[in-house]
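Written below as structure tokens is the structure these notes are about.
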Amino acid sequence: MDFELTADQRGIQGLTRELAEAEIVPNATSWDRSHRFPDELYPKLAELGLMGACIPEEYGGAGADFLSYILVLEELSRADAGVGVTVAVHTSATTLPILTFGTDEQKSRFVPPLARGEQLGAFALTESGSGSDAGSLRTVAEQEGEEWVITGSKQWITNGSRAGTFVLFARTDPATAGARGISCFVLSAEHVRVTREEEKLGLNSSTTSDLAIEGARAGRDRLLHEEGRGFRIAMATLDGGRIGIAAQALGIAQAAYDVARRYAHEREQFGRRIGDFQAIQWKLADMATEIDAARLLTYRAAWLKQEGRPHTAEGAKAKLYASEMARRQTAEAIQILGGYGYTKEFPVERFYRDAKITEIYEGTSEIQRLVIARSILGRQAREEPVVQT
Ligand code: CAA
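Shown next as structure tokens:
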């Protein structure tokens, strides 16, 4: 076992931290309050290769490994979790599935503009009636000659209003209910119409949109992988994506801890620094321990993925633990700051709002537990219990 990051991994981590401290940290509060998507930031990330950190150089990326990409997400999210999710969905939920499942033609056509950051990517799976039960989606793709005609709607699509490329799931076999009749398509902005922008509790510097797909025509060259295999693409994509959300949660918790620790050194009550009181020491000790545990789970899952080893359960464990830890520990950071923590004078209330979503998207904590339980119990955990009457 080797717990040291490589020189390359430390390099990309340091580069991202520098950029985040110069370009994101000074603006994050104002983006949050004005609900502003920082369009001007992404070309700067692209210049450093951070819009395609783990994409091979031949496809326009930086050619780093998956753990390096996870370090990038952690650092971006430490500065602003809205930026973190924008890059996460762009990379692990859009660029990577095209790279993994695409033909040579699809890879060379769709991946370089994404990896170079010339376009943003979006992942369109969720619909109003299909969230956790992703296999029940109702958007349809009907074959007409050599084309597919796609009709339906999608909900809560991160980057939906900014993306140039969409990985979109639709039912190509209406006779087959559930996961088996679903296929995956690579669409462009002209195939979709943004119908609504979501107002959220947090992540205000990211965009979340509803989409209408109104008879969009897609040639066979836009079908990703085989017809009817789309759900497997979605699941395999989420296996990796969840490691990214774990890194996002980790970054948010780290940011909250940094503020709380500094405050404990400075704030005085009863004639002493509050960090001199055991009540505060124990909170900081628990925060540091849980952040460490989440980091180890997250880096292990990332390492397994980059080694090409199974990582479904390990990614789910990392996301489950890191997201619940982030919610718990951002609340503790507010507690350490007391009344100040509840105000907009400090960023911990933003961290608390931003942390909550990590327990929900890319699979709720309940779905992560289901995925983990299936890895323990196999098929048994998939069946509904038979109720005897
Ligand atoms: N990798 C590859 N294939 C997989 C897989 C995996 N990890 N997990 C399942 N599959 C395959 C199965 O083998 C099966 O294939 P066959 O039909 O060929 O046998 C098929 O997929 C169906 O599998 P299940 O029977 O397990 O499917 P299910 O209906 O029971 O659903 C689920 C499983 C885990 C609940 C799944 O629906 C799920 O993950 N739900 C959560 C959805 C989710 O995470 N949404 C996130 C939206 S995107 C987002 O949030 C992005 C953002 O903005 C940040």
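Its first residue numbered 2, the sequence shown is counted upward by one per residue in this note's numbering.
Even for Gly, the Cβ is constructed at its ideal location relative to N, Cα and C.
Remember, predicted model here, so these are calculated numbers, not experimental data.
- Query: Where does the unbroken alpha helix (DSSP H) through Thr209 begin, and where does it stop?
  - Reply: Position 208 of the sequence shown, counting from 1, holds the residue named residue 209. Run containing Thr209: none in the alpha helix (DSSP H); it sits in the beta strand (DSSP E), 209-220.
- Would the beta-carbon of Gly203 be found less than 7 Å away from any heavy atom of the ligand CAA? What you label residue 203 is simply residue 202 of the sequence shown in a count that begins at 1. Checking every heavy atom of the ligand CAA against the Cβ of Gly203, none is found closer than 7 Å.
- Item | Gln156, enclosing beta strand (DSSP E) - first and last residue | Translated into the one-based positions of the sequence shown, residue 156 becomes position 155. Looking at the DSSP string, the run of the beta strand (DSSP E) that includes Gln156 is 148-159.
- Query: Identify the residues that DSSP records as bridge partners of Gly122: which are they?
  - Reply: Here the question's residue 122 lines up with position 121 in the sequence shown. In the DSSP output, where bridge partners are listed per residue, Gly122 has Thr166.
- With contact counted as at least three CB pairs below 8 Å, one residue from each stretch, are the stretch 78-98 and the stretch 302-318 in contact? no
- Task: Could you give the DSSP three-state label for Ser133: helix, strand or coil?
- Result: In the sequence shown, the residue the question calls residue 133 occupies position 132. Here Ser133 carries a coil assignment [DSSP, helix/strand/coil].
- Item | Residues that DSSP places opposite Phe186 in a beta bridge | For the purposes of this step, residue 186 is taken as the residue at position 185 of the sequence shown. In the DSSP output, where bridge partners are listed per residue, Phe186 has Leu169, Leu224.
- Taking the DSSP output, what are the residues bridged to Val141? Position 140 of the sequence shown, counted from the first residue, corresponds to residue 141. Paired residue(s): Thr152, Arg172.
- Query: Glu291 lies in the beta strand (DSSP E); which residues open and close that run?
  - Reply: Indexing the sequence shown from 1 puts residue 291 at position 290. No beta strand (DSSP E) holds Glu291; the alpha helix (DSSP H) holding it covers 279-307.
- Query: In or out: Leu188 buried (at least 16 other Cβ within 10 Å) or exposed?
  - Reply: For this step, residue 188 is matched to residue 187 along the sequence shown. Leu188 is buried by the Cβ-count criterion.
- Item | Cβ-based neighbour list, Leu51, same chain, cut-off 6 Å, excluding 5 preceding and 5 following | Counting from 1 along the sequence shown, the entry for residue 51 is found at position 50. Here the set comprises Val73.
- Query: Does the Cβ-Cβ distance between Gly342 and Val349 come in under 8 Å?
  - Reply: Here residue 342 refers to the residue found at position 341 of the sequence shown. Here residue 349 refers to the residue found at position 348 of the sequence shown. A contact, by the Cβ cut-off of 8 Å.
- Item | 8 Å contact criterion, which Ile214 and Thr152 should meet: CB distance rounded | Taking the sequence shown and counting its residues from 1, one reaches residue 214 at position 213. Taking the sequence shown and counting its residues from 1, one reaches residue 152 at position 151. The pair is a contact, with the Cβ atoms about 6 Å apart (cut-off 8 Å).
- Item | Straight-line gap, Leu371 to Phe102 (C-alpha atoms, nearest Å) | As a position in the sequence shown, residue 371 is number 370, starting the count at 1. As a position in the sequence shown, residue 102 is number 101, starting the count at 1. Computed Cα separation, rounded: 26 Å.
- Query: From Asp287 to Ala327, what does the alpha carbon distance come to, in whole angstroms?
  - Reply: In the sequence shown, residue 287 corresponds to position 286, counting from 1. In the sequence shown, residue 327 corresponds to position 326, counting from 1. Whole-angstrom Cα-Cα distance: 12 Å.
- Item | Coil, strand or helix - Glu333 by DSSP | As a position in the sequence shown, residue 333 is number 332, starting the count at 1. If DSSP states are grouped into helix, strand and coil, Glu333 belongs with the helices.
- Per DSSP, which residues does Gln270 bridge with? Please list them. Counting from one through the sequence shown, the residue named residue 270 turns up at place 269. According to DSSP, which records beta bridges pairwise, Gln270 is partnered with Arg273.
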